[in-house]
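Notes to accompany the following structure.
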Amino acid sequence: MPNMARATRSTPPAQTLAVARRLRTPLGAAVAAIARVAARAQRRLRPADVQRKGVGDFVTTVDVRCERLLRRQLAELLPAAGFLGEELAAVDVDQDWLWVVDPIDGTSNFGRGLPHFAVSVALLWRRLPVLAAIHCLPEDANYVACHGGGTRRNGKLVRAPDRVLDDAAIVGCQWHRGQQQMGFLPRIQARGNRLRTFGSTVTQLADVAMGRLDANVQEQGRVWDIAAAGLIVVEAGCRFTDWSGRAVFPFPDLQVEHTPTIAAAPRAHRELVRALRS
4 MPNMARATRS TPPAQTLAVA RRLRTPLGAA VAAIARVAAR AQRRLRPADV QRKGVGDFVT
64 TVDVRCERLL RRQLAELLPA AGFLGEELAA VDVDQDWLWV VDPIDGTSNF GRGLPHFAVS
124 VALLWRRLPV LAAIHCLPED ANYVACHGGG TRRNGKLVRA PDRVLDDAAI VGCQWHRGQQ
184 QMGFLPRIQA RGNRLRTFGS TVTQLADVAM GRLDANVQEQ GRVWDIAAAG LIVVEAGCRF
244 TDWSGRAVFP FPDLQVEHTP TIAAAPRAHR ELVRALRS
C-alpha cells in the first residue's frame, strides 16, 4: 500500500465539504440498499458460505458480494476516489479521495445468525473522514454524517447526551481475539458502570451516538471498522480518540493494524482517558 503524506488540516476546504454534502443522500441510500441485501442473504446462509481468514477472523460469501456491489456503486458516485475495503484488493489508495468500506461489520455475528451487524462506508479526504454512512441491524436504521454537519439517524439530527460514568452507565467494550490480559477492564468499571459487548464495532458506536451506550472502549479496530462510525460519533457531539486522548482523525497511517479507541461524550471521555492512563 503506498505511503501517503499525513493530512495537514483537520478542516477541509469548502469545495471538499460541498462534494461530501452532495453525496450524502445517495450514499445513505446505497448503504441502506446493501444492508437489505445482506439481511435477506443472512436468512439463507449455509455453513459452507462461512470461511476462516485467520484466528477468530471470518468472511462469508455475502461480505464479498456486498463489497463488490458497493465498489461499483461508489465508483459511479465519485470516480476520482480510490477504494479500500476489508475483503477485496485496494485500488488507488494514494488519491486525495478514498472510499473506505466494511461490507459487513460483525461478520462472526452475521455468520451465526446473530442480529448485530452493520454496513459501513466512509469517504476520506487526505485521510480525514468527511462523509460517512452506516446501516445498523437489528434496529434497521440508517446513520449519515458530514464533517461539520452533524449526524442524522433516518434523516433526523441526533446528539449524544453528556453523562458521567456512574453505576447507571453502560460502556461498550471489545478486545483482541483471544486476549488473556484483561487488566484494563476493572479500570473502566471503577465507577460501578456495566460493560456490554455486541460483536460489532459499528453498531456499538451508533449506540454511543444515540446515548444507548455512554461510551465505547476498544483495544482493536482497523481503518474500515472505525472510519465511518467514528465520524458518526464525532458529529453527534462525542470525542473519538486513542487511549491517550489523542484524536484518531485524520488517520496517521492507513496501514496501522489496529487502533485502540475511546468514543464518548466529553465528561465520560475525560474519565475514561484518566482511567486508561493510570
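Whatever position you read off the sequence shown (first residue = 1), add 3 for my numbering.
We put the CB at the ideal spot given by N, CA and C, even for glycine.
With a 10 Å radius around its C-beta and 16 neighbouring C-beta atoms as the bar for buried, classify residue i as buried or exposed.
i: Thr244; result: buried
i: Val22; result: buried
i: Pro132; result: buried
i: Asn196; result: buried
i: Pro15; result: buried
i: Arg259; result: A small fix is needed here, since residue 259 is Val in this sequence, not Arg. Classification of Val259: exposed, given that the 10 Å Cβ count is below 16.
i: Asp108; result: buried
i: Ala278; result: buried
i: Leu188; result: exposed
Starting from residue i, follow the beta strand (DSSP E) in both directions and report where the run begins and ends.
i: Phe120; result: 120-128
i: Gln177; result: 173-177
i: Ala135; result: 131-140
i: Phe243; result: 242-244
What first and last residue would you give for the alpha helix (DSSP H) that runs through residue i?
i: Asp228; result: 226-238
i: Phe187; result: 187-191
i: Gln18; result: 17-45
i: Asn145; result: Counting along the chain, Asn145 falls outside any alpha helix (DSSP H), though it belongs to the beta strand (DSSP E) covering 144-149.
Cα separation between residue i and residue j?
i: Leu20; j: Leu30; result: 15 Å
i: Asp66; j: Leu126; result: 19 Å
i: Arg162; j: Ala83; result: 33 Å
i: Met7; j: Ala36; result: The pLDDT assigned to Met7 is 35, lower than 50, so where the model puts this residue is not dependable, and the model offers no usable value.
i: Gly151; j: Gly175; result: 25 Å
i: Asp52; j: Thr63; result: 5 Å
For residue i, which three-state DSSP category applies?
i: Asn196; result: coil
i: Phe61; result: strand
i: Arg215; result: coil
i: Pro269; result: helix
i: Pro106; result: strand
i: Gln221; result: strand
i: Thr154; result: strand
Since residue i and residue j are thought to touch, with beta carbons under 8 Å apart, how far apart are those beta carbons, to the nearest angstrom?
i: Gln45; j: Gly116; result: 7 Å
i: Val96; j: Ala231; result: Val96 to Ala231, Cβ: 16 Å. No contact.
i: Thr206; j: Ile229; result: The pair is not a contact, with the Cβ atoms about 13 Å apart (cut-off 8 Å).
i: Leu91; j: Arg74; result: 7 Å
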